[in-house]
Structures are given as C-alpha cells and as structure tokens.
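Residue numbers (this note's numbering), protein chains in the order written: chain A, -1 to 169; chain B, -11 to 804; chain C, 30 to 320.
Structure representation (structure tokens):
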C-alpha cells in the first residue's frame, strides 16, 4: 500500500507491503542505515527513532503505521556537515566517550535528545531511567550518562548566553 | 603521561578522562572514528548493499538430537522469489558439508546425517529479499527421528550415554580431550601434607561457570560476492580476524587464497563472538557461487544466541591447601569442560583449555595442578569467546572464589588473606608453578590503592552495624563486600609456542609516510569498538612527532593490510600496538638518515627531540617529519643503501605475554525478602601498563565491569533436559541495563611491561575477567547471616533466595 | 532480523469501523494497538493473522477522564500517559507504581492499557492492578457497550471476555475516598516480565479494613486475584500481623509454575512477601503517611 512518511523533514512516498517494519523501511527503502537493529523482541533499542517526536522501537512498528507521521533518525540530528552544526548530544557523546562500537549510539542519542527536549537538566538517575530500554554492550552506560549531562550543560550555557544577548538587546 | 620504559609504579591522580584538545601523542583525545558513528554514517555489514544482491536465510533444527529422515525443499524452491535452496546434500556434493573448526575438530555446515543441537543449520534459502527468504523457510519440510539428547555435561561420559559424534569413525563416547598443567606429584604432596598437618587444612568447593553468550549488539553476518569472471571472492563479514578467516576459507573451500578478499567493515561489538567461522558464512559463499550473485546473510538475535560461539560452561572443583594462618600453599583443580556438539573453541593449538593454566592467579604458591576434560553435549559449539582472554575468566573466577571460600572457612578477612598471599614486587619476573612468566607488577600496592579508594575499613564497619540491626529483626538490606585481585595474561603470543591452526600469532604493520608528512598505518587487527583508528594513530604520533589527525589507520581489509591474527584475547595493543611502535621507530631511523643528508651532517650528530631530528646542541638546526618526508621523495641525494621514501614494515613476534592486573571491590545490598541484589558501588583499580588514551582505557574497563555484573547476576544460557535452549532471545537472555550498573569508580596504577616497546599491556578484557568474582564474592558475603559458602552464577533473585534457604540452584539446567 | 508473514492491513477510522472490519474479516483478523506483544509474536511466526486492524488512530480511546465517582481510562491510553497522568497519581498510585516497572520507557511510549489487558499474559501487570482496584472493563460491540468486572474479564491465559467482534474501549476505576493502593513487582532485571508481582487497594475506616483488593501476577492466581487473603482482611484490623497473615494466605492459594525466573517454592514465597509489602504501603497511603 502507498504511504507518505516525512523523515528528517523530507517527505517520501513509497508503495510498501503492510508487513514491512519501520526499521526496514528506513534502512532498505530510504537507505538511511544509521538506524540499526539488534534483537527481534523490542528489548535492545538499537532501532529507536522518533515518531512524531516520541522515541519508539522501530523494529516493532509497521511502516504503514507511520503513514502521515514525522519520523526523525540519527541522520537528522545534526543541522549541517560541520562540527559546529552537530547536536550537543552528538558532541557530548564524542567528548565524553559515550560510544565504542557505535551500534547502540543512534538510538541512545535520539532518546537522549527527546529527554533533553522535555527535561533540560536531568539527573543521572533520570538519564539512566530514560535509556533503560536500550542495551549498550560496550560502555557500561557510565559515559553515556556523562555525555547527556555534558549536552545538558552545554545547552544551558548556550541558553544562558542567549538570554544575556536578549536582555542586552532589549536594554 | 608516563615515561616509556620507566621502572616502578606511578599513581595518576586524574581517573576520569574526557577528550582534551588533540594531543600530539598519548592522552585523552576524541576518537577519530566517532565523527562517522555519531552521524549514523558507520558502515556495518548489514548496511552494505551490492547490485543484484540476494538474501539468504537458514533453516534450523528445532530438536537437540535427531536423525534427519527426510528433507523436502520442493515447495520452497517453487516460491517465485526463491533462487536456490542449499542443503547438506548439496554441500556434500561439493565436499563442503563439514568444515574444520579452530580446534582441529570438524563441524557440520549443513546437517546431513543428524542434528546435534537445537538451532543447528539444516538448509539455506536464497531469495530476492529477506522477507521472501524467511517465508520460504516455512515451506521446507523436514522429518526428524528424535534421539535422546545429552544435556548434562556431568553425564556425558557415563556408560550408555548416546554418542553424539557418531560421524567420527570409531567414536564410542563423548570424550574430546584430557589436558593438564602444573606438577601433579608436587601438588599432591603438598595436599597430603596439608591433610595430615594439624595447623593446615584443605578447602574444597565445586562451582560452575555457566554458559554465557557474548551477544554483541550487532549479530553475525556476511555478504559473499563471487565474481564469476575473475573468480575472486569478496566477503564482507563480521570478523575479528580477517586474515585468519581468509586462510581458513582457502583451506575450507579450496579457493586460492589470493582470490579471496575479506572486508570487515565497522563491527557492532565482537567480544569473541566474531572470531569463529559460522555455517551461515560458508553457505553465503556457496550461494554466491551457485547463483552468480552477491548473497547477504544476517542472522537474527535468536540465531545468534542459539548457534554462535558461546563462552565458559566450565564445571570446576577447586581445592586449596592452606595453613591455618592463611598461607596458601597449593591449588588443585579439576574441570569438566562442556564444548557442545562440535569442538569449535578458538584458541592456540597447544592450549585446549586456553590459558586456564593461569588459575594460580596472583599468589605465591608452592605447587599447583589442574586437569581438564573436554566433552561433547547436544548444545551449540564454541567455548572460548566473550572477552575471556582464552579462559582466564574461568581461571580468575576459580581462584578468586576459592580464596573467599578459604577466608570463610578460616573466618579471616578476605582482604587480609589476599594481602598475605599476593606476589611481592621483588618476585618479578615471576615464574608461576604452571609455567607462565609474569612480566611485572606491584600487586600489594595496586590492592592497597583499591582498598583505600573504596574505604574498605569503613565499609566493613557499616556492614557490621547493618548485620547487628538485621540480627535484631530490623528490615534492613544485607550488605556485602566482594574483592577480587586478578592477573591477566594477554597479547598472544610468542609464535614459537602459540598458533591457531598452524598460523603463528605474530602480527604485521605497515607505515607509509606521504611526501607532505601525513601517514597511513596498515594493521592486521580489527576494531570492534576499541578505537584502534585513534590509539594506533596516537602511537605513531608519539613516535614521529606528528598529529594523530594526520595519520589514517587502515584495517579490516585483507587486500589492504599485512597479515596478522586479529583482535581478541586483548591482543591488539600488546601485539599490533607493539608492531605499530616498532614500524614507526623504523621510519624514524630512516628519517634520521635523510635528515642527516638534508643538513649535511653525520647521523651520529643527530638527536631526536620533541618530534624533530636535531643537530645535537643546535636547536636551530632541525627537521620535522614533514620536512624529511618531502626530502625523502625529492631529488635529494641520499646516502648509499637508502632507496628513498620513508615507508617501513614489520612483523611483531611477542617475546612473552603481557600481564595486566587489577584489584576490584564490589559493594552490594541484598533484599533478604526477595533475593534481589543491588550493586551499590564498584571500585576498579587496573594496572595495564602505559595508557595510550586513558579515556579509551577507562571506557574499556567500564564495559567489562558491566559484563561482570551481567554474568554474575543475570546472563546464562541454560538448557532443559530435552535440549531446548532457554536463553534464545533477549527476553530470556538478560543483559544488564543502565539501571543495574552503578557509577563505576576507577583508579589506576601503572607498571609498564618491561618487554613491550611502549610498556603497554592491553586492557580490553581485564574487567570482564576480573569483575564476576568480585560481584559473586560480595553477594555471598552479604548472605553471611545464612552461612552461605558458595552459590553459582547467575545470582538472580531466585538463586540468591534459594542459596539462603540452603538449596542452591544449578544454573546450567532449566529450573524445575 | 525476524519478519512477520504477510497480512492484509486496515486502519480503523472509528470504533464502529473497527468492529465492522473485525466482523467482515472474521476470526483471523486481529486488532493491533501498540503492537509490542503482537508484532514480536508475528515475527516469531507464532501469530499469523490474515488481517490486522490498526486502531492507533482512535484518539477518542486515548483519554483519561474523571467521570463523577470513577476514572475512565481509555483502551488506547499509552503506558507512558498513564504513568505521567496527575489524575492517576492522585487517585490510584498503584498504577503509577506499576507503570514505572512495565517494560521500559520506550516500549511504554507505544504500548497501551487495552493492549496489555487484552493480551492477558499471565505475567501481565495491569491485569493484577486493575483487579486489585476492582475496576470494570467497558466492551463495545455492534449492539453497543457492556460492562464486565475486570475480575471476570480474564478467562484464562491469553483469553478474555471480549468476543472476536468486540473491542475493549475503556476501563472504569472507582474513586474511593480515603483509600490507598500500591504495586510491587520483582523482576530479574529492569524491563523483564515479573518473577512475581502484587497490587493492593485498601480503604480503611479508622483502623478497620472496609474494602480490600489484592491482585497477583505471574504466580498462577486465577483471575489475577487473591480472594482468600482479601476475605481474611475484610472487616478486620489493618495491622501488620494481618498483612503478614494475608501474605501467607495469598502465598498458599496461588499456583506458580517453575521457569527460569525461579522454582515454585520461591515464587510462592514472593507472592506472600510482595502481598504483605503492598498491603503495608497501601495502608500507609490510605492513612496519608506516604505519597
């Protein structure tokens, strides 16, 4: 059946089998291979993408269920090609060594981004809870927590200076 | 940073490293590979798509032991999207139904006569897409004649037990090998004395290191592309050892080795799971030959957990002869090793039990001996995998658990008992009683650093207080403190004694310096997340005075890199890292000759200073590597014997293994009402010699500690008596999440390896090896009010509660 | 990766449309909501529906609303919405307790209340929680709505009172002034199914138990409840000794089966231990001693 899905702001129209999993739609149809998969039972979270802003496990969502929806994937996190245009979460993962093999990383970053969007200063416990449905086999999670905290601090600093700019402009 | 080759031990105050500004050599720096990973631009095997590519899927046996009566593939072949169905008979026609394993056994690629474990490969379907391939599996009709499965390793050698490997001529039992290490007579004498003497005793404990699976987040897979015109096979595959795989395919398939190219792109974690060659890979190769098209095969998670290399499955009896003052005199071990249906362990040829001989641990013993018997069972093949440093995981678990059992029986503090028996710094290099030469270490110091960091005395005081309250009937959690001091033996290894299927365990490196001073390093090891593209560039940078950003590290392609055995057993830094330092030093020496010619001085007048060749005593007269590289490619007249350019190659044959060590302390709280364990703290002090990138080293340790928590508390592949795998999905095979892991507290001591070119020892598996006994010792310590002496992993709430009730669970069999 | 077999797919535009689709496509048509139980079964080819009817678009079922003396929880309310609902936290902390422990945060973004109840897995948490609360299932068919006590909704493992051509549209939970509730689950690891779990609702009059509900999951308690333990408490003192005894009774009357989560005696012990713990907590909450 024909579906229209917006992925990272770009609209795609495709004719798909109803059984096609959203993971495979992204990976095989759109060749956006940054979304990975690691299990078949929605336990590992390597396939996490945002569906209308909400993190979901795309191995357990049918592509037809995303008809008309906005999907965001790791490929849409950065605003451009330069390092300055990375999302602070991406920067945080690099600076704090929040990834090793990189396989869980896209899902971890999308969950982290969604968390910071609703809680700009999460505690370590909150971060651990938020990523608890996703398995990382390399990092022991510690540096993922630090990475998200680093991103939160950076965004707070940017907001702080933006507020200053605004107040200066207003004065 | 620690000076190279510096003697003695040095404590570093900063323990947690985030990336700094790019250093010129060693230090915490952002990983070069991360720029692609954080954008989703990594390229893993399943991301590769070739024109015209077909998809394969494997039909697997639902039974653990059965004769194949009939196999009908006609309906599957009639599926409109199916190109081929390959069976054992197809392969038998090509002489490929069986393949050699890494342990000189044979393994069925596709079953022809019998299936020997649940999940064994029976047929391979090739179709247009992965959905159709899976659909077609359901169309294959197999009739089985069920046989009695052999599930319990302890019964595998009993008379009358079904013979699993009746494919082997004359095989009448399930015995694989007997192997021993150490001096049996001397050890028996020590034990006889201890049994007779009033002031000594012999402590005995049985323990199981249950079967676990490495479960990297990326499963195993391959894309085989046989070019029908050139006859060249290109295989994109999840391998930790591309060169070894190439040689093996040449031997298995009879393909000329120069017509095989193995590409191992980004690997989503390996941990030993991606060392072996699996039937699915071979089927993909055959399917590509049969169809003339590229064929991709990616296993699903259940296939990964049920059929690829498991780890451990060691049934051990440990015995310790000890004086009542706590002086450990001897250790004796018997092991029953469950290897599954085919002996497919990956380890050096002369070591059928891997490096289990390091079971003497970190202690000064008078005698030691172990005897290991390997058996077949109707379970998946494997055995050496999962960050085990060739079974040192089992060895360290055995000795560190035994030391705690001894402490229990002597009513002695386990820290004090360890301190009394640890090797002393002046004993190094130390000849162990099982024939290993430990290179360096200051164990009491490393142990003391950990005890101080944890606040050991305060923890014991808190525990005593809590136990008083528990005894008074207060609803408090039971607190446990667990210790472990491990010695690793990594960096296999000296080719004189260590080989895999006859391939010596030396690794090559090639370093090319471009005219502008940028460099390309080619290595045989294979990163699965360890960050080789960064650390290996840092080694070259340190040696040549150029930026790591200016050095590209190439690996994972047998057409592009020198031969070597790959990455497992924590061998990358000890072997390939050494090769890298040596090849860089060769380049530096060539550069010296060119620099001398450039400045028209003698090489004797030059000294290496801060990344430049400089005329001694004249800082203004110097040349950087970039200056020298350009000159080496120019028309500068070079001295006799220098051909021009700076490129160099080397093969590094390690003179010895390296011996990292560490002291780990785990603090747990156990809920006595439910048996639930909460890991409150984990202190890990590692000594892996010189640290190239401390940030990466700490990350390696973090991951290994999470593994240890997982194995100690939840990970296990058990089987019911029908041979059904009870850990065949991530719903059943539990891996630790962020909520089971504490915030790790790391520390370090640095004792450089005296024989490694940069003093590094390797760290990839240290924490996986060292942490399980610390967690288990902590849980058993918490259960002291119930006088529990031992309980087997995984210490699930049920296992803890049952141990406290005095009827511990057996982890290898299904709970009934 | 495992993939489902082929099926026909329809997106329901309304509850009535969904009922019509179920009627038209017959017994091999399944409703799919969050899909986190059904799709893994389909990937394993343990479920091969001919038709899937997607009810994710039925926003009218995704509402938590206070209606006079009860709260109506729509079947399409996602677990994450139940967890973050202030109305639920105020009246029924048992659901907040339970939702923190159901699957994981990402699965909770997708999984639904109705999907969980209709899956009727013997280890499912909300069935025990709703049973403890003596809630009522609202089922709609072609002939209109009918109500069934949640305690009668579950007919056995994976079997409910809703007929094939009916849809569970909501659950109604009575608001009881002065009551307290709590849920506890023991799992081997975060996100795992329960080894055992228990939920309790207590309404006290003074220190006397006026109303009580005890739900149990994963321990083979018929209809997810512990009626003998409830009977012991009703009309008696809300004392610690009574809660311990209720735990003992619940433990004696459940019939767990052994699996990798534990042997029978352990699960039986847990049923009692957790029952006592949630009764204590529910009592503290009803007395206003704990949020």
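Positions of the beta carbon are idealized from the N, C-alpha and C atoms, including for glycine.
{"Query": "DSSP beta-bridge partners of residue 193/B", "Result": "306/B"}
{"Query": "Reduced DSSP category for residue 178/C - H, G, I as helix; E, B as strand; rest coil", "Result": "strand"}
{"Query": "Three-way DSSP call (helix, strand, coil) for residue -11/B in this model", "Result": "A caution first: residue -11/B carries a pLDDT of 31, below 50, which makes its placement in the model unreliable, though a value can still be read off. Note: residue -11/B maps to coil in three-state DSSP."}
{"Query": "Contact list for residue 40/A against chain C, beta-carbon separation under 7 Å", "Result": "65, 69, 136"}
{"Query": "Beta-carbon spacing of residue 41/B, residue 681/B below 8 Å", "Result": "no"}
{"Query": "Buried versus exposed call for residue 18/A [16 or more other C-beta atoms within 10 Å across all chains shown]", "Result": "buried"}
{"Query": "Proximal residues to residue 700/B (C-beta, below 7 Å), its chain only, five neighbours per side dropped", "Result": "760, 763, 764, 781, 782, 783"}
{"Query": "Ordered list of beta strand (DSSP E) runs contained in the region 187 to 246 of chain C, each at least 3 residues", "Result": "196 to 203, 208 to 216, 223 to 234, 237 to 246"}
{"Query": "Coarse secondary structure for residue 117/C, derived from DSSP in three states", "Result": "helix"}
{"Query": "Check whether residue 481/B and residue 645/B have beta carbons under 8 Å apart", "Result": "yes"}
{"Query": "Other residues of its chain near residue 151/B: CB distance less than 8 Å, five sequence neighbours each side excluded", "Result": "159, 160, 161, 162"}
{"Query": "Within chain B, the residues that residue 50/C reaches when beta carbons sit closer than 7 Å", "Result": "Simply none; closest approach about 24 Å."}
{"Query": "Test item: CB-CB of residue 306/B and residue 195/B under 8 Å", "Result": "yes"}
{"Query": "Sequence-distant residues of the same chain with beta carbon closer than 6 Å to residue 156/A, five excluded per side", "Result": "none"}
{"Query": "Test item: CB-CB of residue 655/B and residue 581/B under 8 Å", "Result": "no"}
{"Query": "Burial state of residue 624/B (16 or more Cβ within 10 Å)", "Result": "exposed"}
{"Query": "First through last residue of the alpha helix (DSSP H) which encompasses residue 38/C", "Result": "Not the alpha helix (DSSP H): residue 38/C falls in the beta strand (DSSP E), residues 37 to 40."}
{"Query": "Residue-chain proximity (residue 200/C, chain B), Cβ-Cβ < 8 Å", "Result": "no"}
{"Query": "Contacts that residue 714/B makes with chain C (C-beta to C-beta distance below 8 Å)", "Result": "289"}
{"Query": "Complete alpha helix (DSSP H) runs within the region 220 to 294 of chain B (minimum length 4 residues, chain order)", "Result": "230 to 241, 267 to 279"}
{"Query": "Close-in-space but distant-in-sequence residues of the same chain around residue 299/C (CB under 7 Å, 5 per side omitted)", "Result": "215, 224, 225"}
{"Query": "Under 8 Å by beta carbon: chain B residues contacting residue 302/C", "Result": "661, 662"}
{"Query": "Buried or exposed (CB count within 10 angstroms, at least 16 for buried), residue 98/C", "Result": "exposed"}
{"Query": "Chain-ordered chain A contacts of residue 32/C [CB-CB under 8 Å]", "Result": "17, 19, 22"}
{"Query": "Residue 322/B Cβ short of 7 Å to the ligand ADP heavy atom set", "Result": "Of ligands this structure carries none, so the ligand ADP is not represented either."}
{"Query": "Top-ranked residue by Cα proximity to residue 77/B, from 187/B, 274/B, 118/B, 90/B", "Result": "274/B"}
{"Query": "Check whether residue 107/C and residue 140/C have beta carbons under 8 Å apart", "Result": "yes"}
{"Query": "Cα-Cα separation between residue 326/B and residue 670/B, rounded to whole angstroms", "Result": "31 Å"}
{"Query": "Distance between residue 109/C and residue 364/B (C-alpha atoms, nearest Å)", "Result": "48 Å"}
{"Query": "Under 8 Å between C-beta atoms of residue 169/C and residue 195/C", "Result": "yes"}
{"Query": "Cutoff 8 Å: residue 218/C Cβ touching any chain B Cβ", "Result": "yes"}
{"Query": "Element boundaries [beta strand (DSSP E), containing residue 56/B]", "Result": "54 to 60"}
{"Query": "Straight-line Cα distance separating residue 542/B from residue 587/B", "Result": "33 Å"}
{"Query": "Collapsed DSSP secondary structure at residue 63/A in the structure displayed", "Result": "helix"}
{"Query": "Close beta carbons around residue 801/B, own chain, < 8 Å, minus the five adjacent residues each side", "Result": "139, 140, 706, 707, 708, 709"}
{"Query": "Inter-residue Cα distance where the pair is residue 38/A and residue 33/B", "Result": "18 Å"}
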